[in-house]
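Read the structure below first, then the notes.
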Amino acid sequence: MMNHSCELEIPFNDATHIQYIINSFAVDGERNEESAKEFEIEGNVLKIRITAKTTRMLRIATWSFFEFLTLGVATIEQFGEV
1 MMNHSCELEI PFNDATHIQY IINSFAVDGE RNEESAKEFE IEGNVLKIRI
51 TAKTTRMLRI ATWSFFEFLT LGVATIEQFG EV
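FYI, in the numbering used here the residues of the sequence shown are 1 to 82.
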């Protein structure tokens with residue numbers, strides 16, 4: 001049972017860019033059973049819900065998400081449309 005959660009809404013200029021980010025996360029998948037990420041696209045906003053069994057795992061999963069998001073956004077900015 002996941003007892004802790006964090007919900008985020010991140011605006012993008014283009015919904016296509018959101019799909020690139022989500023697809024990038026799908027490649028690796030979740031590496032443990034102690035946390036989970038759920039993605040939703042609403043217009044040009046990426047909505048994410050991160051859940052975890054402990055506050056420590058929530059912190060780690062959230063930090064990991066932002067690291068990956070930062071890399072994804074930098075890649076989109078550098079190379080533009082695929």
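Even for Gly, the Cβ is constructed at its ideal location relative to N, Cα and C.
- Message: Using the Cβ count rule (16 or more neighbours within 10 Å means buried), how would you classify Ser35?
- Response: buried
- Could you give the DSSP three-state label for Glu67: helix, strand or coil? helix
- Query: Looking at the unbroken beta strand (DSSP E) that takes in Lys47, where does it start and where does it end?
  - Reply: Val45 to Ala52
- Message: Taking 7 Å as the threshold (C-beta atoms), are Ile21 and Lys37 in contact?
- Response: no
- Query: Just reading off the beta strand (DSSP E) that Glu40 is part of, what are its end residues?
  - Reply: Ser35 to Glu42
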